[in-house]
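Notes follow once the structure below has been shown.
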Amino acid sequence: MRLFYCIFFSLIASYSFADWIDISDPLTVKAFPSQQADIKQNPPQFRWPQPARIPSGYEVQILSSQGKSSNYTVARNWLLPSQIFAADTYSWRVRTTTAGAAWSDWRKFTITANADVFLVPEHNVLLSRLKAKSRPKSLPISGAGIEAWRQQINSTRANAVLSLRNDVDRYMQQAILTDADMPLVAASVDESAWAASLTNIRQRINAETAQLRNSALLWQITRDPRYFSEAIRRGNGLIALNLKGATHFKNQDQATRAIAWGLVQANDFLALDLPSAIRTAWLNNAKSRTLDMYRDLANSYWRLDQRPFDSHGSTQYGYVAAISALLVGDVPEADLWFRDTFRGYAQYINPFGGEDGGFAGGTAYAEYSADVYLQLWDPLSIATGVSFYDKPWSKGLLDFFAYFVPPGTPSHLFGDAAETKPVNRLLKAYASRFNTPLAAWYYRNLVGDESPSSLLSAPIPLPIDGLANTSPDVNSQYLPTIGWAAMHSELADRSRTSVYFKSSPYGSFNHSHGDQNTFTLVDKGRPILVDSGVYDWYGSPHFYQWYRQTKAHNGITFDGGKGQIVDDDMGGMAAKGKITQYQFAGNIDMVEGDATQAYGGQLSQALRRIWYLRDQNLIVVWDKLKSPVARKFEWNLHANEPFELANSKQYILPNKDNPICIDRVWPETVSLNQTTGYDTLPEMKTAATIWNLRVATSLNTEQQFVHIINLNCLIKPDYELDLKQSKMRLGDKSIDF
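Mapping of the sequence shown onto mature numbering (1 follows the signal peptide of the UniProt record, and there is no 0): residues -18 to -1, 1 to 719, in sequence order.
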């Protein structure tokens, strides 16, 4: 029998059938676990695309290596089992419950003994748990009772209490927000003014709802009646806003979710102290807003189940899950909302990365998302007993921050808002929710404090508390699901050199740019080679004509700045790159990316390989390019200061008193063109000056570039290039192209 199963699994691994869940559309959910996947989560989650005709349900079969079969029937195209799996190699397949339906192909996956346990009970268990809890459900009150919690908060987190009191006291001077403060401009009238009005609405509502939640929290902590009165005042002001006006879901979805969540969490914080008439008015308003969000998610047979790549939708999913969890027992509809969103969100969370924790849209939007996670996951974890921080992707996101936004880094990385500075209080708060040495190092080396509002509603003690001080000993990171790599001289050193490379399967979709096979460089806390442009607003002329374009990044263009496909829809996701090689060992790191597909057929080959030689403080960048027609290939760099070009084969950045030299090893002859600013200006009064260097060749169908970035111009590198043999010697080391 054992021989039979060995043969069976061998066939599963090697044989290919026509498979109804194998879909080529880049925006449709992919079958997961994929063939031969190593799964980090236990129990694993399963997903597959819906067929054209939506069935009443699906049957999933899971087979262990010993032939033990487990069968599940589910209503939607995902499965999240509620029992732990033994470490083993499994196979799974799925079919619809329609009579005579065909099975999908088998897919083989492995769960190891050290997989992260993320166990989500079935809906009825969770619902009973929520209904049995008394308010406040979302605060970490132990069996000792709420008075003991108050004493503990006021003693162990006294500084945060004082800080939050000061914040709330200052805001008390602000008038109650009205619809007149937030006029909505129609996009058809003035698109730029429309975008500005959306920003104004979001910012005003975020401030107002934060005051509501913080006042309610302070009432629970201090019992100072001023905060109770302030919470009532702000909550009543929010429900006085026109439900069909500027804050309606169809006009500003970020505003309506913030209002609904603010009212619901304040209701939970105030508990039985809130007068019943006010509670009814608040919850009716929150119910109306949440119903709009719920209906949007439920559209097209739960639209995110099939088309998961939705930045706002993914956040909305979490809000409805959290709101419904805190409304169970108060609003009858909440039982249904909770059933349809909580476990679905638990298996979904973030569509822009895999279990390794990456966030393809860039570190700025990862930080914005972490802000939302802190607001939702702490109360959700406390209320339901399910910690979303235990999910492998959530743990991996902490690693992502540590390696791509390390302490002391001057700006964000890749994608929209990459030019902005990281907000340490958010990153620090997120790190504090994990009990790992890397989290402890990251938390303790970020300057500043966590926001008092998130700290005062967080568990006591924090998971980070009590961990020993240790420094990371791994200086490089590669995230295959998003195609990012980081190479540091020494991660633990704030004066580190950092090389970041991207060649992503997410292409230029959503908040990503046409920047496959591009890199950035930071040295001693200073940005050296940067992404250029300004995030004035999503969809602006500058956004489309410069900011997202390949020419705005340190990458390859041709024929006067033509580059990769930049598209908001399917074309953007299809214009992807891929990291094809990586080697992180000792004093030499290497990463290679293939961005051919990103150019949409304009190039037939676009390879880039980067070596970082730590002991020589050198970076080698090699590009190999081919085109079906002759083109002028271009090598682009961007910096915050001008390049000195006295020597046509060397481009020097002064970098204060530490000049950095970029030596062109190949080709011999090029044309150099240095410009400042942008082809299309951003809609901002002021924008930092940027210098752009374009290194262009004559017409060719094939071209190679070889450059050496020397981080210490005072020491000339000893190198020899043998292009015919595709080799280069650098000192006592040799690298192969």
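Quick reminder that beta carbons are idealized off the backbone N, C-alpha and C, glycines included. Fair warning: this is a prediction, and the values are worked out from it, not measured in the lab.
Q. Would you say the stretch 362 to 369 touches the stretch 307 to 319, given that touching needs at least three Cβ pairs under 8 Å?
A. They touch, by the three-pair rule.
Q) Going by DSSP, what residues sit across from TYR564 in a beta bridge? A) Answer is VAL573.
Q: Determine the burial state of ASP381: buried for a count of at least 16 other Cβ atoms within 10 Å of its Cβ, exposed for fewer.
A: buried
Q. When the Cα atoms are used, what is the spatial distance from ASP20 to THR94?
A. A straight line joining the alpha-carbon of ASP20 with that of THR94 spans about 8 Å.
Q: Would you tell me roughly how many angstroms separate the C-alpha atoms of ILE158 and VAL150, rounded to the nearest one?
A: 14 Å
Q) Mind checking whether TRP593 and ILE570 have CB atoms under 8 Å apart? A) Remark: C-beta atoms of TRP593 and ILE570 approach each other more closely than 8 Å.
Q.
Assuming contact is defined by CB atoms lying nearer than 8 Å, are ALA213 and LEU252 in contact in what I supplied?
A. yes
**Q.** Nonlocal neighbours in the same chain, by C-beta distance under 6 Å from TYR276, ignoring five residues either side
**A.** VAL302, TRP319
Q: With a threshold of 16 other CB atoms inside 10 Å of the CB of HIS294, please say whether the residue is buried or exposed.
A: Exposed is the call here.
Q.
Assuming the contact rule is C-beta atoms closer than 8 Å, residue 731 and GLN18 should be a hit. Round their C-beta distance to whole Å, please.
A. Examination of residue 731 is not possible in this model, given that the chain is present from -18 through 719 alone.
Q: Could you pull the start and end residues of the alpha helix (DSSP H) that ASP274 belongs to?
A: 258 to 288
Q) What separation, rounded to the nearest whole angstrom, lies between the Cα atoms of VAL512 and LEU379? A) Those two C-alpha atoms are separated by around 23 Å.
**Q.** Contact between the stretch 497 to 511 and the stretch 536 to 543 (3+ Cβ pairs under 8 Å)
**A.** In the pairwise beta carbon analysis, the stretch 497 to 511 is classified as touching the stretch 536 to 543: at least three pairs are separated by under 8 Å.
Q: Please say whether VAL647 and ILE690 have beta carbons closer to each other than 8 Å?
A: yes
Q | Reference ILE241; option with closest CA among VAL688, ARG215, ARG205, GLU190 | A | Measuring from the Cα of ILE241, the nearest candidate turns out to be GLU190.
Q. Between THR402 and the rest of its own chain, which residues show a CB-CB distance below 7 Å, the 5 nearest in sequence each way excluded?
A. ALA346, SER393, HIS394
(Q) Once the 5 residues before and after ASP1 are set aside, which same chain residues still bring their CB inside 6 Å of it? (A) SER86, ASP87
Q) Which whole-angstrom value is the C-beta distance of GLU616 and ARG591, which I expect to be below 8 Å? A) GLU616 to ARG591, Cβ: 18 Å. No contact.
(Q) If the criterion is Cβ atoms closer than 8 Å, does the pair SER653 and ALA678 meet it? (A) A contact, by the Cβ cut-off of 8 Å.
Q | Stretch pair the stretch 410 to 418 + the stretch 432 to 444: three plus CB contacts closer than 8 Å | A | yes
Q: Starting from the C-beta of PRO624, find all residues in its chain whose C-beta is less than 6 Å away, skip the five residues before and the five after it, and write them out in chain order.
A: TRP673
Q) Would GLU349 be called buried (16 or more neighbouring beta carbons within 10 Å of its own) or exposed? A) buried
Q: Within its chain, find whatever has a CB closer than 8 Å to the CB of LEU225; leave out the 5 residues flanking it on each side and keep chain order.
A: ASN267, SER270, ARG271
(Q) Rounded to the nearest angstrom, what separates ASP353 and GLY244 at their Cα positions? (A) Distance between the alpha carbons of ASP353 and GLY244 is about 15 Å.
(Q) Residues in the same chain with beta-carbon distance under 8 Å from SER439, minus the five sequence neighbours each way, listed in chain order, please. (A) SER120, LEU121, PRO122, LEU199, ASP360, PRO361
Q: Whole angstroms is fine: what's the gap from PRO441's alpha carbon to ALA399's?
A: 31 Å
Q. In the stretch 650 to 708, which residue ranges form an unbroken alpha helix (DSSP H) of at least 4 residues, counting only runs that do not cross its ends?
A. none
Q. Are there three or more Cβ pairs, one per stretch, closer than 8 Å when the stretch 98 to 106 is compared with the stretch 70 to 85?
A. no
Q. How would you label ILE510, buried or exposed, when you count the other beta carbons within 10 angstroms and need 16 or more for buried?
A. buried
Q. Just checking, does the stretch 484 to 492 make contact with the stretch 553 to 569 on the three C-beta pairs under 8 Å criterion?
A. yes
Q.
Using a Cβ-Cβ cutoff of less than 8 Å, which residues in the same chain neighbour PRO699 once the five nearest sequence positions on both sides are dropped?
A. GLN598, LEU600, ASP645, ILE690, ASN692, LEU712, GLY713
Q) Which same chain residues, not among the five before or five after residue 729, have their C-beta less than 6 Å away from its C-beta? A) Because the chain is modelled from -18 through 719, residue 729 falls outside the range shown and cannot be assessed.
Q: Thinking ALA237 and ILE187 are a contact (beta carbons under 8 Å), I'd like their distance in whole angstroms, please.
A: 4 Å
Q: Alpha carbon to alpha carbon, how far is ASP661 from PRO333? Give it in angstroms, no decimals.
A: 33 Å
Q) Could you check where the alpha helix (DSSP H) with ASN402 kicks off and where it finishes? A) Correcting the residue identity first, residue 402 is Thr in this sequence and not Asn. Element bounds for THR402: n/a, residue is neither H nor E.
Q) Is it the case that the Cβ atoms of PRO404 and VAL387 are separated by a distance below 8 Å? A) yes
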